[in-house]
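*Asks:* The structure that follows is given in the form of structure tokens.
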DNA sequence: GTCTATAGAGCGATAGAC
DNA sequence: GTCTATCGCTCTATAGAC
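Protein chains in written order, with this note's numbering: chain A, 56 to 262; chain B, 56 to 262.
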């Protein structure tokens, strides 16, 4: 590693990520970012050309990761209960490292759906997923009740993600430190799978 | 009603609400709003002074309503199961009329917490709520399992709200019309209470 | 009450010195 | 590779005619 400390390009990317996450694409300015990175404003254009290119480059990896990890786990050929625990565990940990991402992703997509869906290559998923077949198969065996796969996914994701999106509400309800919030979220690693399983087992003999 | 059609102030408010919801405070411009309202840009300043005042005035009623309705229902002295059904039913209907509000509120608060919390008077709630006492009392009687009140609230809200926040994801999963989305959400009026009750009844004799 | 015209500031982006 | 200086544009907001 010859260049020791002042790798400007990396400093800009780190600063841009922080500022974009906080203020969104529209709210962030080159001035904000260059001050955060402690470099000259003109350097942003030198390295990345335009604001949009900087934005896309910074979130190119991480943005897609958050959406793809869902399907990577959902589509694994593992028992349903294991899958639910794995999903809650892995996704909670991922978001804990990037707690502002859920709101950021949803709001940026809502404000510019074409751009993001096109660039990040999020594609139309088939309705006939492995998870859908798994849920149908288990229901046919009578080990769980019937449930639509998308309903299942949205329930699971909502349970995992919502505390991060409603963090300001939680602040007003006494969960007002990062430590308390983390404890709250980690407790959900137990609650969420139990909730999903309790629902799925309703009306079956294993109930 | 003397002034028939051209009530500019109301046209501006309606246009501002639409544009702000779509683009956020930072992304929205007076040009966007005035074109949407089909009035001159200078009229926005004439009626509302500044962009921030326009924003606050437009969302003064509805913004707070969305947060307060939660507690209005949660704090009612009605049986727990009735409360859950009521919460899911009323909140789903409210959001269906304003499907962009959940993302809008969360992202605007994340980007400007002091301003919004101060202006809309969202205050620090006590941890000793009616709901908390109700949950503790039922658990003591053995009719439900023990659960922290905030965990209960976040689970319920996540289940209700997440489909609206993840609407773009749902579009890619085949739920790509307003009609299909509405049907999907209405189905949750049944699923969500059953899920909550299934969890609460786990380990009790009524299970 | 609504318009045109424009002020004044901040924005993203570029040119050119070093 | 990094800086200063500045361009051209768009933004919010105001002044003043009607």
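Even for Gly, the Cβ is constructed at its ideal location relative to N, Cα and C.
(1) Closest by CA to residue 252/A, which one among 191/A, 139/A, 153/A and 67/A?
(2) For the alpha helix (DSSP H) containing residue 107/A, name the first residue and the last one.
(3) Could you pull the start and end residues of the alpha helix (DSSP H) that residue 82/B belongs to?
(4) Where residue 166/A and residue 113/B are concerned, what is the direct C-alpha to C-alpha distance, given to the nearest angstrom?
(5) Closest to residue 235/B by C-alpha separation, out of 141/A, 133/A and 205/A, would be which residue?
(6) When we look at the beta-carbon of residue 243/B and count the other beta-carbons within 10 Å, is it buried (16 or more) or exposed?
(7) At a Cβ threshold of 8 Å, is residue 220/B touching chain A?
(8) With a threshold of 8 Å between beta carbons, is residue 197/B in contact with chain A?
(9) Are the Cβ atoms of residue 49/B and residue 111/B separated by less than 8 Å?
(10) Does residue 166/B come within less than 8 Å of chain A when only Cβ atoms are used?
(11) Count the other C-beta atoms from every protein chain shown that fall within 10 angstroms of the C-beta of residue 143/B, then say buried if there are 16 or more, exposed otherwise.
(12) Buried or exposed: which applies to residue 65/A, given that a residue is buried once 16 or more other Cβ atoms fall within 10 Å of its Cβ?
(13) Using CA coordinates, which residue listed in 232/A, 93/A and 121/A is at the minimum distance from residue 212/A?
(14) Can you say whether residue 137/B is buried or exposed, counting buried as having 16 or more other CB atoms within 10 angstroms of its CB?
(15) What residue range is occupied by the uninterrupted alpha helix (DSSP H) comprising residue 157/B?
(16) Let me see if you follow: with CB-CB separation under 8 Å, is residue 57/A close to chain B or not?
(17) Which bits of chain A does residue 223/B rub up against, with CB to CB less than 9 Å?
(18) Quick check on residue 246/A - is its C-beta less than 8 Å from some C-beta in chain B?
*Replies:* In terms of the structure at hand:
(1) The sequence position of residue 252/A within the first chain is 197, counting from 1. If we check each option's Cα against that of residue 252/A, 139/A comes out closest.
(2) If you number the first chain from 1, residue 107/A lands on position 52. DSSP places residue 107/A in the uninterrupted alpha helix (DSSP H) bounded by 106-129.
(3) Residue numbering aside, residue 82/B sits at position 27 when the second chain is read from its first letter. For residue 82/B, the enclosing alpha helix (DSSP H) has its first and last residue at 63-82.
(4) Position 111 of the first chain holds residue 166/A. Position 58 of the second chain holds residue 113/B. Spanning the two alpha carbons is a distance of roughly 19 Å.
(5) By 1-based counting over the second chain, the position of residue 235/B is 180. That would be 205/A, whose Cα lies nearest to the Cα of residue 235/B.
(6) By one-based count along the second chain, residue 243/B stands at place 188. Around the beta carbon of residue 243/B, 16 or more other beta carbons lie within 10 angstroms, which makes this residue buried.
(7) Along the second chain, read from residue 1 onward, the residue named residue 220/B stands at position 165. Yes, contact with chain A.
(8) Here residue 197/B refers to the residue found at position 142 of the second chain. False, the Cβ-Cβ gap to chain A never drops below 8 Å.
(9) Outside the shown range of chain B, which is 56 to 262, sits residue 49/B, and nothing can be said about it.
(10) Looking up residue 166/B in the second chain gives position 111. For residue 166/B, the answer is yes, since a Cβ of chain A falls inside 8 Å of its Cβ.
(11) Working through the second chain from its first residue, we reach residue 143/B at position 88. The residue is buried, with at least 16 neighbouring Cβ atoms inside 10 Å.
(12) Position 10 of the first chain, counting from 1, holds the residue named residue 65/A. Using a 10 angstroms sphere on the CB of residue 65/A, the tally of other CB atoms stays under 16, which defines it as exposed.
(13) Position 157 of the first chain, counted from the first residue, corresponds to residue 212/A. Nearest C-alpha to residue 212/A among 232/A, 93/A and 121/A: 121/A.
(14) Indexing the second chain from 1 puts residue 137/B at position 82. Its Cβ having fewer than 16 others within 10 Å, residue 137/B is exposed.
(15) What you label residue 157/B is simply residue 102 of the second chain in a count that begins at 1. Here the alpha helix (DSSP H) through residue 157/B covers 156-166.
(16) Sequence index remark: in the first chain, residue 57/A carries index 2 (1-based). Annotation note: pLDDT 38 at residue 57/A (below 50); position unreliable, no value reported.
(17) As a first step, residue 223/B is located in the second chain; it is residue number 168 there, counting from the start. Within 9 Å Cβ-Cβ: 161, 164, 165, 168, 171, 172 and 177.
(18) Counting from one through the first chain, the residue named residue 246/A turns up at place 191. Closer than 8 Å to some Cβ of chain B, the Cβ of residue 246/A qualifies, so yes.
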